[in-house]
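As structure tokens, the structure follows; a few thoughts come after it.
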Amino acid sequence: MSISEILLEKGLLSQSQIEEAIALQRAEGLRLDHALVQLGLVSERQLLEVMSEQLHLPLVNLEEITIPQEILRILPPKIVYRKRVIPISQTNGTLSVATSDAFDPYAFDDIRLMTGLNIQPVLAPRDDIDKIIKSHYGLGGDTLDEMVAGDDHGGNGSALESGEDLLEMAQEASVIRLVNEIIIEAVNERASDIHIEPYEHEMSIRYRIDGVLHEASVPQQMNRFQAAIISRVKILANLNIAERRVPQDGRIKFNIGGRQIDVRVSVIPMLYGEGVVMRLLDKSNVLFTLQELGMDEDTFGVFRGLIDRPHGIILVTGPTGSGKTTTLYAALNAIVGPEIKVLTVEDPVEYNLRGVNQIPVEQKVGMTFERGLRAILRHDPDVVMIGEIRDLETARAATQAALTGHLVLSTLHTNDSASAPMRLIDMGVEPYLVSSTLIGSMAQRLVRKICSKCKEPFVPDRAKLPKDFELDPSATLYRGAGCPHCRNTGYRGRAGLYELMVMNDEIAHKVMERAPSPEIVATARKHGLRLLREDGWVKVRAGMTTPDEVTLCTAH
């Protein structure tokens, strides 16, 4: 029986769907099984299950198999990349080889002749095979093989000095494909940043995933095309590829799988070439609600009350990369509506918010935060968001806006919520202005969440737990055992820890006196302030994260 007849008999497809697939098959010269998957009529796994049953080939889960390095070395990378096959085990002269294509007997004939072993095909999804190839053989290896074969520059692409040669190489199809693979892999792995770093004898590519850098597996020959790869990135970002002596910044826009990805590119000259960092901004993953960010009901209720006020300043504080801007976007998204005029001044505008008027800072033409803020106050706003208060001029403009009846939201770099008013005073804002305009400050951090796929209970060594972590003897703690879903880290995704201080008369009096932060903290604690660390322990007891994560993220 043909595949279509089997799928029809099993009730997985109708006759009309098969005819639709046959039409696509004829129009584009596809195999029928590929046409069925491309149309979304069946999944690849459903097809593999049918093939496994029909052809009596085992269907394996590669995520549950540990493949020894000596087995992986049996096949040369060129065959692995070209045929998309993975050797998984060897027993008594028989090599088991995973493939997603049961209809390619020539691949197994080639492997049999090459190895002198009997070949036992097993079936596995294409995505699972690609993950194994990337992790064990390196990212973009097939493209690099093609580039090495066609390298006309003496095998030393990284040493090219001619701008014309670089421009020509950077526009070659293989270089374009390789850079695309690097970026697509980062998007698929949920990376926030790509780091391309040149060293004397190698080029390193690292992805920042859930706040932690992970080394990408790249073939050694990647270093030969370092200059071409970096030049390709610079071309995409509209930068000058001939200029390699000064830092440059640019932006790239991609559409990947229907998702719009903005990439901020920073290029800096280093000892062995130019280092590149690409910040990925996935517009489909920005608009969270405050609860989705990890804010509990009590904190959300208080914070919601603050953002509904008609005037005053609300500050979100924390180090770079702690999610401050995402929190501000979530806050704006919660209050924006046809009856409210919202204006923002940002450097840069990271995401477009519907119903919000956003103004980018342009330092080159003198469009600073302070100048932009003064201009938008003449646009009759109700709510103003400033990307960051960096200097006295912006801080004064923000306080004036709050005094004249506007709600101002902004970010500030301080360690905790109680340090925010003192930071404004240190900038030069008068204490009476801070105490009369600041209505709340919220410190935040991001902790990694335990992976839902490998989450397991465990009994901690209580002697190693932090002394401020109170744990009921009957309570259960959780951790991630590590699995392919989380890159064997035990964590996947992040959530926020929040410390929200609401200004009142007693705290305002302390601010007026320029009291040190510990005094302000003590006063706020009497009025219900919950520290970042305490919010972290709540999330540990709820099974969301681990004590190690909270300790790491809240250590000053």
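The numbering used here puts the first residue of the sequence shown at 4, with every later residue one more than the last. From the three backbone atoms N, C-alpha and C, an ideal C-beta is built for every residue, glycine too.
{"Asked": "Determine, using beta carbons only, whether ALA446 and THR320 come nearer to each other than 9 Å.", "Found": "yes"}
{"Asked": "Going by DSSP in three states, ALA333 sits in which element: helix, strand or coil?", "Found": "helix"}
{"Asked": "Would you list the one or two residues that DSSP bridges to ASN360?", "Found": "LEU346"}
{"Asked": "Taking the continuous beta strand (DSSP E) assigned at VAL432, which residues delimit it?", "Found": "Per DSSP, VAL432 belongs to no beta strand (DSSP E) and is neither H nor E."}
{"Asked": "Can ARG426 and LEU415 be called in contact, C-beta distance under 9 Å?", "Found": "yes"}
{"Asked": "If I'm right that LYS579 touches CYS489 with Cβ under 8 Å, what's the distance once you round it to whole angstroms?", "Found": "Coverage of the chain is limited to positions 4 through 559, which leaves residue 579 absent and any answer about it impossible."}
{"Asked": "According to the neighbour-count rule (16 or more other Cβ atoms, all chains shown, within 10 Å of its Cβ), is VAL345 buried or exposed?", "Found": "buried"}
{"Asked": "For LEU532 and GLY443, which I take to be in contact (beta-carbon distance under 8 Å), what is that distance rounded to the nearest angstrom?", "Found": "The pair is not a contact, with the Cβ atoms about 11 Å apart (cut-off 8 Å)."}
{"Asked": "In whole angstroms, give me the CA-to-CA distance for GLU203 and SER220.", "Found": "18 Å"}
{"Asked": "Specify the secondary structure class of ASN121 as computed by DSSP and reduced to three states.", "Found": "strand"}
{"Asked": "Can you tell me which of the three DSSP states SER5 falls into?", "Found": "coil"}
{"Asked": "When the distance is taken between beta carbons, is THR118 closer than 9 Å to LEU577?", "Found": "Lying before the first or after the last residue shown, residue 577 is absent from the chain, which here runs from 4 to 559."}
{"Asked": "Run the CB neighbour count on LYS13, radius 10 Å, all protein chains shown included, and call it buried at 16 or more, exposed below.", "Found": "exposed"}
{"Asked": "When you compare only the Cα positions, how much space is there between ASP419 and TYR275?", "Found": "39 Å"}
{"Asked": "According to DSSP, which residues form a beta bridge with ASN258?", "Found": "GLN263"}
{"Asked": "Which same chain residues end up closer than 6 Å to GLY408 when comparing Cβ atoms and leaving out the 5 residues on each side of it in sequence?", "Found": "HIS314"}
{"Asked": "Please work out which residues of its chain come closer than 7 Å, Cβ to Cβ, to ASP131, disregarding the five sequence neighbours upstream and downstream, and give them in chain order.", "Found": "LEU65, GLU66"}
{"Asked": "Identify whether ALA162 lies in helix, strand or coil by the three-state DSSP scheme.", "Found": "Residue placement at ALA162 cannot be trusted, given a pLDDT of 40 that sits under 50; the coordinates are not used to answer."}
{"Asked": "Which one of ASP350, ASP213, ALA466 has the shortest CA to CA distance from PRO362?", "Found": "Residue identity differs from the one stated: residue 362 is Ile in this sequence, not Pro. The option with the nearest alpha carbon to ILE362 is ASP350."}
{"Asked": "Ends of the beta strand (DSSP E) at MET388?", "Found": "386 to 389"}
{"Asked": "Grab me the residues of GLY158's own chain with a C-beta within less than 7 Å of its C-beta, minus the 5 sequence neighbours each way, in chain order.", "Found": "Low local confidence applies: a pLDDT of 46 at GLY158 is under 50, so the model's placement there is unreliable, with the coordinate-based value given in what follows. Closer than 7 Å at the Cβ level, and outside the excluded window around GLY158, lie ARG227."}
{"Asked": "Quick one: residues in its chain with C-beta nearer than 7 Å to the C-beta of SER165, no 5 flanking neighbours on either side, listed in chain order?", "Found": "The predicted model places SER165 with a pLDDT of 47, which falls under 50 and marks its position as unreliable, so this point remains unresolved."}
{"Asked": "I'd like the list of long-range same chain contacts for SER19, defined as Cβ closer than 6 Å, with 5 residues on each side in sequence excluded.", "Found": "none"}
{"Asked": "Could you say which of LEU410, ILE392, GLN403, GLU391 lies nearest to PRO384 if we only look at CA atoms?", "Found": "LEU410"}
{"Asked": "Can VAL560 and TRP540 be called in contact, C-beta distance under 9 Å?", "Found": "Given that the chain is displayed from residue 4 to residue 559, the structure contains no residue 560 and the question cannot be resolved."}
{"Asked": "What is the rounded straight-line gap between the Cα of ALA401 and the Cα of GLU277?", "Found": "39 Å"}
{"Asked": "Give the secondary structure of ILE70 by DSSP, where H, G and I count as helix, E and B as strand, and everything else as coil.", "Found": "coil"}
{"Asked": "How about VAL268 and VAL236: do their beta carbons lie closer than 9 Å?", "Found": "yes"}
{"Asked": "Excluding the 5 residues preceding and the 5 following ILE259 in the sequence, name in chain order all residues of the same chain whose CB lies nearer than 7 Å to its CB.", "Found": "ILE187, VAL190"}
{"Asked": "Do you know whose CA, among THR397, MET298, GLN263, lies nearest ASN355's CA?", "Found": "GLN263"}
{"Asked": "Please identify the residue among GLY96, ARG254, ASP104, GLY375 whose C-alpha is closest to the C-alpha of ASN121.", "Found": "GLY96"}
{"Asked": "Which runs of the beta strand (DSSP E) spanning at least 3 residues fall entirely within the region 71 to 101, listed in chain order?", "Found": "88 to 94"}
{"Asked": "Can you tell me the Cα-Cα spacing of VAL89 and LEU331, whole angstroms?", "Found": "Correcting the residue identity first, residue 89 is Ile in this sequence and not Val. C-alpha separation (whole angstroms): 46 Å."}
{"Asked": "To the nearest whole angstrom, what separates the beta carbons of VAL125 and PHE111, a pair I think is in contact under 8 Å?", "Found": "The pair is not a contact, with the Cβ atoms about 11 Å apart (cut-off 8 Å)."}
{"Asked": "Considering only DSSP beta bridges, list what GLU218 is partnered with.", "Found": "ARG209"}
{"Asked": "Would you mind sorting VAL432 into buried or exposed? The rule is 16 or more other CB atoms within 10 Å of its CB.", "Found": "buried"}
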